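The block underneath contains the structure these notes are about, expressed in structure tokens.
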Amino acid sequence: MKLKVDRSALGFFGIAITFYVITQTLISLGVLNDFWMTLLRFGAVLAMVSLGLNLIYGFNGQFSLGQYGFYAIGAYSAADVTYRWTQLHSASGLVVLLLGVAFTGLFFLGVGNLLKRLPRMDTLSAFGLYVIGTILAGLLAVLLGKLFIPPITKLLLFIPEAIAAQIVFLFAVLLAGVLTAEVAFLFGLPVLALGSDYFGIATLGLTIIVKVLLDNSDTMFGFQEMKGARGMVGIPQLSSWFWVFLFLMLMILIARNLLHSSYGRAIISVREDEIAAKSMGIDVTHYKTLTFIMGSTFAGLAGGIYAHINGFLHPDIFNFIKSFDPLIIVVFGGLGSITGTIAAAFGIYMVLEGVLRLILPQGFETWRYVIYPMLLLVMMLLRPKGLFGTFEVPFLRQLLPPPLRKSPGSLENDHKVISPVLPTSEGG
Amino acid sequence: MSDLNSNSAYPQPPGPVESPSLILDIQSLNKNFGGLWAVKDFTLSLNQGELVGLIGPNGAGKTTVFNLITGIYATTSGIIKFKNTSLVGLPSHQITQLGIGRTFQNIRTFPNLTVLDNVRIAYHPHAGYGIMDAVFRTGRYKEREKVLTERAQEFLSVFNLQDRQGEIAKNLPYGEQRRLEIARALAVEPVMLLLDEPAAGMNPGEVVALMDLIHFIRERFNLTILLIEHQMRVVMNICEHITVMDFGEVIARGDPEEIQNNPKVIEAYLGRGAKALSDKLSGKRDYVT
Numbered sequence: 020m021k022l023k024v025d026r027s028a029l030g031f032f033g034i035a036i037t038f039y040v041i042t043q044t045l046i047s048l049g050v051l052n053d054f055w056m057t058l059l060r061f062g063a064v065l066a067m068v069s070l071g072l073n074l075i076y077g078f079n080g081q082f083s084l085g086q087y088g089f090y091a092i093g094a095y096s097a098a099d100v101t102y103r104w105t106q107l108h109s110a111s112g113l114v115v116l117l118l119g120v121a122f123t124g125l126f127f128l129g130v131g132n133l134l135k136r137l138p139r140m141d142t143l144s145a146f147g148l149y150v151i152g153t154i155l156a157g158l159l160a161v162l163l164g165k166l167f168i169p170p171i172t173k174l175l176l177f178i179p180e181a182i183a184a185q186i187v188f189l190f191a192v193l194l195a196g197v198l199t200a201e202v203a204f205l206f207g208l209p210v211l212a213l214g215s216d217y218f219g220i221a222t223l224g225l226t227i228i229v230k231v232l233l234d235n236s237d238t239m240f241g242f243q244e245m246k247g248a249r250g251m252v253g254i255p256q257l258s259s260w261f262w263v264f265l266f267l268m269l270m271i272l273i274a275r276n277l278l279h280s281s282y283g284r285a286i287i288s289v290r291e292d293e294i295a296a297k298s299m300g301i302d303v304t305h306y307k308t309l310t311f312i313m314g315s316t317f318a319g320l321a322g323g324i325y326a327h328i329n330g331f332l333h334p335d336i337f338n339f340i341k342s343f344d345p346l347i348i349v350v351f352g353g354l355g356s357i358t359g360t361i362a363a364a365f366g367i368y369m370v371l372e373g374v375l376r377l378i379l380p381q382g383f384e385t386w387r388y389v390i391y392p393m394l395l396l397v398m399m400l401l402r403p404k405g406l407f408g409t410f411e412v413p414f415l416r417q418l419l420p421p422p423l424r425k426s427p428g429s430l431e432n433d434h435k436v437i438s439p440v441l442p443t444s445e446g447g
Numbered sequence: 222m223s224d225l226n227s228n229s230a231y232p233q234p235p236g237p238v239e240s241p242s243l244i245l246d247i248q249s250l251n252k253n254f255g256g257l258w259a260v261k262d263f264t265l266s267l268n269q270g271e272l273v274g275l276i277g278p279n280g281a282g283k284t285t286v287f288n289l290i291t292g293i294y295a296t297t298s299g300i301i302k303f304k305n306t307s308l309v310g311l312p313s314h315q316i317t318q319l320g321i322g323r324t325f326q327n328i329r330t331f332p333n334l335t336v337l338d339n340v341r342i343a344y345h346p347h348a349g350y351g352i353m354d355a356v357f358r359t360g361r362y363k364e365r366e367k368v369l370t371e372r373a374q375e376f377l378s379v380f381n382l383q384d385r386q387g388e389i390a391k392n393l394p395y396g397e398q399r400r401l402e403i404a405r406a407l408a409v410e411p412v413m414l415l416l417d418e419p420a421a422g423m424n425p426g427e428v429v430a431l432m433d434l435i436h437f438i439r440e441r442f443n444l445t446i447l448l449i450e451h452q453m454r455v456v457m458n459i460c461e462h463i464t465v466m467d468f469g470e471v472i473a474r475g476d477p478e479e480i481q482n483n484p485k486v487i488e489a490y491l492g493r494g495a496k497a498l499s500d501k502l503s504g505k506r507d508y509v510t
């Protein structure tokens, strides 16, 4: 295989890796203290959530306020897995989540195939079938999990503790992502049929539901370690800058590769004009669901990482008011611009929690929330299409293919291809 | 007062008499929007290669018929068959993939995308690679993407839009947007094309170019075309048969000449008084109601 390296890719990854090496060196030298390190990681996590929302809202045109709901689901499910491992020395969380996610996936595939054979089934009945499948999968996971928990725990105890913790952490985050994807699929099924504004309200509802459920996680579901409204403590702080950075880069890469393909064009065509997309043979519902699942998965993964930064989770972190944060970032950075989203996520977080906190005198920190909205307001007035509009850095930009090589005078195809009756572009 | 033209089949064209293949067959199609019959007992059949016009005053239900054929609206009752496949209840994108392309009354290109992408989207059902190929940038992705792009570029050059491939669709002049929309509709490789008022908002020069374009694509792509149009010049010039609708019902059928002289049509367009007046002026017998 011949290796042809694209210059924009080289530049992009060059800058990314240099940035990582510099920050990592500064951390080890102690120049970048914990305060800035935490901010950097929070900024990156917020960038992931916002990137997910940009897929849903910026590229697919579906106004969603559900990002923080999925963020919370990802955070709590990943935290539960690592908590059980590090505090209780049990792989129960890992095993049950793994089995649950796998069975649910299988059930979804099964129901999906069944529905293909029974066309014309209305959405709500299909939704009912999927819900039944999910519940069965959950029960099966808990029952079968009992068999697998002891051997897996023993297996993991063989591995050195630090490495085992990293493995459990990685699995926890990835499984949290898959779980979020499945929840998004289930939730999106009936709700994506709604029009844009109604969809926004419904997703806002999801965020509120998740928050309320988490408030009562210890009483309603018996997850004692989540401690309901008192907040979950004792989660191992495993989200190192390395993991955070790696996940962010992977998400950018996945989003970019997807968007610059026929699938990405299909996704964007839904935003541009649904009816026209349909008349181009695009299955609009399918691509809405796909994008919603992808965007929500990004939020779920980000949640899993977020939980392991501070080691503390509280339902109030995922309050629905907060779910406007990614929305602000996406609109501020530029709808449909990956560059804008990343820059805005880091920028807003650094300014709001970093710079303003430092320059404002003691006792005036609360003024941040006066200055910040005013900055937003001025920005939106000056640049109504967002900070970056639809600008992308070269690597994330879709390149225009070179024009056809046939010169206007060439003989082979021209008399056939170029129609004699039409005016040329120049003639208008 | 019987009218020979209305509610009867098309007169057979002179020439080969054996029945040409029926491509679109609509039987007693109905659509009501809560009490309003937008389309009532509508019947239409198109043979392979025909160019048929659908005309009628504003609000007659012409566009609704298009939306029913393409599955944008759900049919209340009736039969729509395309190449012997029933279209009733099929989702829109599947109907497109069966071979029906359409354009819209108010241009519906993808406004913020490039001209090239507008056409490439139409190739999506034939993308030929999976979503994982796209995410991991496999060889198949690269190969197929190249093929799709070249096909789209060649396609654009058929419409003399090849120099505009990088242009954002909404920045094109009006006539070119129309041309792009028609190009895009043809990129789905349709057997039948539905054109909804393609000449709307065009100046006389552009209209002439459009008529040439319709003739050109019809021959080149071997199309059957159903056309909605208000500009009588276009309809009378290029359509072989015309169906006239008013208040959701078919009021007349025939070739352009018959339609021009059909009293019902004149009445629908201009009102009764106008009909009487025009008859008086042309010295004909009064139209008695």
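In order, the protein sequences belong to chains A and B. Anchor point for the first sequence: position 363 equals 382 in my numbering, and the numbering is continuous, going up by one each time. Anchor point for the second sequence: position 81 equals 302 in my numbering, and the numbering is continuous, going up by one each time. Built from N, CA and C at the ideal position, the CB exists for glycine as well. Please read these numbers as outputs of a predicted model, since none were measured by experiment.
Is the separation between the beta-carbon of residue i and that of residue j shorter than 7 Å?
i, j, result
"N79(A)", "V349(A)", "no"
"G292(B)", "L311(B)", "yes"
"V210(A)", "A221(A)", "yes"
"V364(A)", "S83(A)", "In the sequence under discussion, the amino acid at residue 364(A) is Ala, which differs from the Val named in the question. Not a contact, by the Cβ cut-off of 7 Å."
"I472(B)", "A489(B)", "yes"
"V100(A)", "A191(A)", "yes"
"I273(A)", "V356(B)", "yes"
"V114(A)", "G164(A)", "yes"
"G85(A)", "T226(A)", "yes"
"T324(B)", "D417(B)", "yes"
"G469(B)", "V260(B)", "yes"
"H314(B)", "D302(A)", "yes"
"L415(B)", "L444(B)", "no"
"G299(B)", "N339(B)", "no"
"M466(B)", "G277(B)", "yes"
"L289(B)", "I446(B)", "no"
"G207(A)", "F311(A)", "yes"
"R387(A)", "L377(A)", "no"
"K283(B)", "I403(B)", "no"
Measure from the alpha carbon of residue i to the alpha carbon of each residue in the options, then state which is nearest.
i, options, result
"K246(A)", "P413(A), S288(A) and Y102(A)", "Y102(A)"
"F264(A)", "T304(A), A28(A), F167(A) and Q43(A)", "Q43(A)"
"L233(A)", "F89(A), R26(A), P392(A) and G359(A)", "F89(A)"
"R284(A)", "N333(B), I316(B), T359(B) and Q269(B)", "N333(B)"
"G219(A)", "L117(A), Y87(A) and E411(A)", "Y87(A)"
"T308(A)", "Q81(A), Q243(A) and F54(A)", "Q81(A)"
"G279(A)", "L415(A), G77(A), L48(A) and T123(A)", "The sequence shown places His at residue 279(A), rather than the Gly named in the question. Closest by alpha carbon: L415(A)."
"R454(B)", "I301(B), A281(B) and E427(B)", "E427(B)"
"G255(B)", "E402(B), T324(B), V456(B) and T297(B)", "T297(B)"
"G322(A)", "H305(A), L223(A), I367(A) and F266(A)", "F266(A)"
"G322(B)", "I352(B), F287(B), E450(B) and T335(B)", "F287(B)"
"L320(A)", "Y368(A), N338(A) and A66(A)", "A66(A)"
"M353(B)", "A296(A), M398(A) and R275(A)", "R275(A)"
What distance in whole Å lies between the Cβ atoms of residue j and residue i, which are believed to be in contact at a cut-off of 8 Å?
i, j, result
"S109(A)", "T199(A)", "Not quite, the Cβ-Cβ distance comes to about 23 Å (not below 8 Å), so this is no contact."
"Y149(A)", "V161(A)", "Y149(A) to V161(A), Cβ: 19 Å. No contact."
"R329(B)", "G349(B)", "About 26 Å separates the two Cβ atoms, so there is no contact after all."
"G320(B)", "C460(B)", "So it is not a contact: roughly 21 Å between Cβ atoms."
"A295(B)", "Y344(B)", "No, A295(B) and Y344(B) are not in contact; Cβ-Cβ is about 28 Å, not under 8 Å."
"R474(B)", "L431(B)", "Actually they are not in contact, since the Cβ atoms of R474(B) and L431(B) sit about 24 Å apart, beyond 8 Å."
> Below 8 Å, can you find three or more Cβ-Cβ pairs linking the stretch 472-480 of chain B to the stretch 300-311 of chain B?
Replying inline: Short answer: they don't touch.
> Okay, do the stretch 84-99 of chain A and the stretch 318-333 of chain A touch, 3+ Cβ pairs below 8 Å being the bar?
Replying inline: Counting Cβ pairs under 8 Å, three or more are found: they touch.
> Taking only runs of the alpha helix (DSSP H) that begin and end inside the stretch 223-290 of chain A, which ones reach a length of at least 4 residues, in chain order?
Replying inline: DSSP runs (the alpha helix (DSSP H)) wholly in the stretch 223-290 of chain A: 236-239 and 260-278.
> Counting pairs of beta carbons, one from the stretch 417-432 of chain B and one from the stretch 246-264 of chain B, are three or more of them closer than 8 Å?
Replying inline: Contact between the stretch 417-432 of chain B and the stretch 246-264 of chain B is absent, because fewer than three Cβ pairs lie under 8 Å.
> Does the stretch 299-317 of chain A touch the stretch 57-66 of chain A, meaning 3 or more C-beta pairs lie closer than 8 Å?
Replying inline: No, they do not touch.
> What are the start and end residues of each continuous alpha helix (DSSP H) run of 4 or more residues lying completely inside the stretch 48-131 of chain A, in chain order?
Replying inline: Positions of the alpha helix (DSSP H) runs, each at least 4 residues long and wholly inside the stretch 48-131 of chain A, are given as 53-72 and 86-107 in order along the chain.
> Is the number of C-beta pairs between the stretch 384-398 of chain B and the stretch 415-425 of chain A that are closer than 8 Å three or more?
Replying inline: Three or more Cβ pairs closer than 8 Å define a contact, and the stretch 384-398 of chain B meets that threshold against the stretch 415-425 of chain A.
> Any contact of the stretch 347-367 of chain A with the stretch 396-405 of chain A, i.e. 3+ C-beta pairs under 8 Å?
Replying inline: A contact between stretches requires three or more CB pairs, one per stretch, nearer than 8 Å, and the stretch 347-367 of chain A meets this requirement with the stretch 396-405 of chain A.
>> So within the stretch 312-384 of chain B, which uninterrupted beta strand (DSSP E) runs reach at least 3 residues, ignoring any that extend past its ends?
In response: Entirely contained in the stretch 312-384 of chain B, the beta strand (DSSP E) runs reaching 3 residues are, in chain order, 321-323.
>> Threshold first: 4 residues or longer. Then list the alpha helix (DSSP H) segments lying entirely within the stretch 467-494 of chain B, N to C.
In response: With a minimum length of 4 residues, the continuous alpha helix (DSSP H) runs that stay inside the stretch 467-494 of chain B are 477-481 and 484-491.
>> Which complete beta strand (DSSP E) runs does the stretch 365-418 of chain A hold, if anything under 3 residues is left out?
In response: If we require 3 residues or more, the stretch 365-418 of chain A turns out to have no beta strand (DSSP E) run fully inside it.
> Can we say the stretch 282-296 of chain A touches the stretch 178-197 of chain A, given the rule of at least three CB pairs closer than 8 Å?
Replying inline: Output reads no: the stretch 178-197 of chain A does not touch the stretch 282-296 of chain A.
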